[in-house]
Structures are given as C-alpha cells and as structure tokens.
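Trainee: Residue numbers (full-length UniProt numbering): 1 to 308.
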C-alpha cells in the first residue's frame with residue numbers, strides 16, 4: 001500500500017465526527033480516554049460510524065466507476081444493508097486500507113448486489129463485513145409501533161409505554177457536512193447551496209445512534225469509566241427512498257430497546273455481558289422507517305481478556 005495515498009484519521013477528524021453527531025463516548029476523547037478503567041488502547045480511537053461512512057463513500061465511488069447505479073434502479077434495490085464486525089480499534093494517524101471485493105449480483109431467491117469489505121489499519125485487520133443492496137431490508141422485522149403515538153409530542157429522552165427509549169435528533173446540513181469531512185469524504189457531492197442540493201449520506205442519520213445509546217445509558221446511571229462498552233458488530237438497513245426525502249431540520253425519532261433474545265439486563269449492570277439493541281429511525285408524521293439496526297456491544301473487560 002502506498003502510504004502517501006493512504007486514508008488517515010487525525011484526532012481533529014475524530015473530534016469533528018464526535019461533535020457533528022453529539023457522540024460523547026470517552027474512548028474518542030483526547031483527554032478523557034485515560035479515565036477508562038483498564039483501557040488497552042493507550043489513546044483515543046476513531047468512531048465506528050466514522051469508519052463506516054468512509055466505507056460508504058468508497059462503495060459509492062465503486063458503484064459509479066462500474067456503472068452499477070443503473071442496475072440498482074432497474075432491479076428496485078432501494079435498501080442499503082451494512083453488516084460489519086469490528087476486529088480491532090483504529091487510532092489516529094494509522095494508515096487505513098479499504099479493500100472492496102468484486103460485486104456479486106444474484107437474481108435468486110431475490111435480486112441483490114453485494115460486496116465483501118476488509119479494512120486494515122497499519123496492515124492489521126480492523127473490520128470485516130459487506131454491503132448488500134436489496135429490494136427489502138435484511139435486518140429486523142417491522143417493529144410494532146401501534147403504541148408509540150405521535151412521536152413529535154413525546155418528551156425527548158423518555159421511555160415509551162412499549163419499552164422503547166426515544167431520542168429525538170435533527171438532520172442539520174452543517175452537521176452532515178462536518179461528518180462527511182471527518183470521514184474523509186467530499187461534501188460537495190451531497191450539498192451545494194448554489195444548486196439547492198441537499199442529499200444526506202446514508203450513514204449520517206445512523207451515526208446519531210451512538211448519541212442515543214449513550215443518552216439511554218445515562219438514564220440508567222451507567223458508569224462509563226468503570227464499565228465501558230465497545231461495539232462488536234453493526235447490522236444496518238437503510239431505505240434510500242426515505243432518505244432522499246429528508247430535508248434540513250427534519251426530525252429523526254430514534255427508538256431503542258434491548259433485542260428480544262438479549263441477556264436480561266441493561267446498561268448499569270457492572271457484571272454486564274454482551275448486549276444487542278434493536279434500533280429504529282423514524283421520520284415525518286407517518287413514522288416512515290428510515291433505518292433499522294441491530295447494534296451489538298460488549299464490556300471492555302471481555303475485550304481485554306481476549307487481547308491478553
């Protein structure tokens with residue numbers, strides 16, 4: 001790999017990504033990372049969604065270069081699905097290599113276009129997974145929203161009667177631009193005031209999940225220093241038709257609850273085992289489902305044991 005052309009996140013990129021998504025995880029803080037009990041990373045690390053945004057941009061370039069956008073339209077492949085497993089943390093100033101394998105198009109049992117992804121940092125494996133374009137979402141069934149009511153009148157950061165935690169965020173073009181820059185991407189492909197162009201990238205609304213999960217943990221009085229949690233995997237489905245309708249200042253109602261087959265505990269338990277969360281992003285007055293995600297976390301203690 002040519003290191004002169006490598007992708008590199010600096011601490012400034014990390015700070016911009018944090019600020020644009022309201023992510024206050026101590027692992028990314030240039031000072032507070034030292035407060036984390038038993039932190040094995042010896043410094044701040046990049047955001048998972050920041051890395052996934054970089055991958056999104058590279059796959060979009062790949063689609064354009066291989067003239068695959070027409071295929072997506074012809075086959076009605078309106079859902080972007082990302083499945084990633086995190087193998088190692090990426091630190092500031094490491095050389096990042098994103099390897100996109102050749103596209104595989106299948107017609108059966110239903111049309112799909114997919115690419116395997118491998119990411120290395122300084123030559124060591126950091127992430128594996130794929131992006132797959134489909135006509136229907138790959139992850140999570142349609143949630144039961146019969147009792148959520150009118151979300152825009154519900155208090156922010158509240159627990160709804162059906163067990164979901166609600167976090168309300170807003171699609172700000174300034175934050176999206178900063179998030180793109182923090183992900184080493186060209187914001188002019190998505191936003192141009194002179195052309196009245198506003199196109200929110202796929203990963204930006206999903207990146208707001210970190211803030212929502214952290215605020216949910218705060219409600220449970222979670223101790224982020226004594227019992228830190230880290231991502232192990234993300235499974236995300238995004239409806240690009242819904243995404244294309246978003247405008248600046250639109251509200252995104254993020255709903256979170258432990259997955260049905262998850263261990264019977266939540267943030268706040270110092271003896272916590274791995275956690276899986278069902279997460280949904282809803283928009284407009286009809287609660288259109290923008291994204292759905294299965295987010296998996298694990299206590300840092302288990303990571304430390306695995307690294308020993």
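Beta carbons: idealized from backbone N, C-alpha and C, even for Gly. This structure is a prediction, so every number in the text was calculated from the model and none was measured.
Quick one: using the 10 Å Cβ neighbour count with 16 as the cut-off for buried, is residue 206 buried or exposed?
Mentor: Answer is buried; the Cβ neighbour count reaches 16.
Trainee: To which residues of the same chain is residue 29 closer than 7 Å at the C-beta, ignoring the five residues directly before and after it?
Mentor: So the qualifying residues of the chain are 44.
Trainee: Over the uninterrupted beta strand (DSSP E) stretch that includes residue 85, give me the two end residues.
Mentor: Element bounds for residue 85: 79–86.
Trainee: Closer than 7 Å by C-beta to residue 104: which residues in its own chain qualify, once you throw out the five before and the five after it? Chain order, please.
Mentor: Closer than 7 Å at Cβ, skipping near neighbours: 114.
Trainee: What residue from 37, 33, 13, 22 has the CA that sits closest to residue 315's CA?
Mentor: A question about residue 315 goes unanswered here, because the residues of the chain that appear run from 1 up to 308.
Trainee: Please check the pair residue 86 and residue 231, which I expect to be a contact at CB under 8 Å, by giving their CB distance rounded to whole angstroms.
Mentor: 6 Å between Cβ atoms; contact.
Trainee: With distance defined between alpha-carbon atoms, name the residue in 78, 124, 122, 175 nearest to residue 135.
Mentor: Minimum Cα distance to residue 135 is reached at 78.
Trainee: Grab the span of the beta strand (DSSP E) containing residue 234 for me, first residue to last.
Mentor: From DSSP, the beta strand (DSSP E) with residue 234 extends over 229–239.
Trainee: When you compare each of 133, 129, 99 to residue 325 by their alpha carbons, which one comes out closest?
Mentor: Any answer about residue 325 is impossible in this case: the structure gives the chain only from 1 up to 308.
Trainee: Indicate whether residue 234 and residue 295 have their beta-carbon atoms separated by less than 8 Å.
Mentor: Cβ distance < 8 Å, so residue 234 and residue 295 count as in contact.
Trainee: Beta-carbon within less than 7 Å of residue 203's beta-carbon, same chain only, minus the 5 sequence neighbours each way: which residues are those?
Mentor: Closer than 7 Å at Cβ, skipping near neighbours: 49, 52, 53, 56.
Trainee: Could you tell me the distance, in whole angstroms, from the CA atom of residue 91 to the CA atom of residue 9?
Mentor: Roughly 8 Å separates the two Cα atoms.
Trainee: Find the nearest neighbour of residue 125 within the set 219, 109, 141, 98, judged by alpha-carbon distance.
Mentor: Residue 98 is the option with its Cα nearest to residue 125.
Trainee: Looking only at its chain, what residues have a beta carbon closer than 7 Å to the beta carbon of residue 4, apart from the 5 residues adjacent to it on each side?
Mentor: With a pLDDT of only 48 at residue 4, under the threshold of 50, the placement of this residue in the model should not be trusted, and no figure is reported.
Trainee: Suppose you measure from the CA of residue 143 to the CA of residue 169; what does that come to, to the nearest Å?
Mentor: Rounded to whole angstroms, residue 143 to residue 169 spans 20 Å at the Cα level.
Trainee: Give every residue of the same chain whose Cβ lies closer than 8 Å to the Cβ of residue 172, excluding the five residues on either side of it in the sequence, and list them in chain order.
Mentor: Counting only Cβ-Cβ distances below 8 Å, and skipping sequence neighbours, we find 248, 249.
Trainee: Using 10 angstroms around the beta-carbon of residue 305, count the other beta-carbons present and answer buried if the total reaches 16, otherwise exposed.
Mentor: With fewer than 16 Cβ atoms within 10 Å of its Cβ, residue 305 is classed as exposed.
Trainee: Ordered along the chain, which non-local residues of its own chain (more than five positions away) have a Cβ less than 7 Å from that of residue 25?
Mentor: Excluding sequence neighbours, residue 25 sits near 210, 214.
Trainee: If we count the other Cβ atoms within 10 Å of its Cβ and call it buried at 16 or more, is residue 222 buried or exposed?
Mentor: Classification for residue 222: buried.
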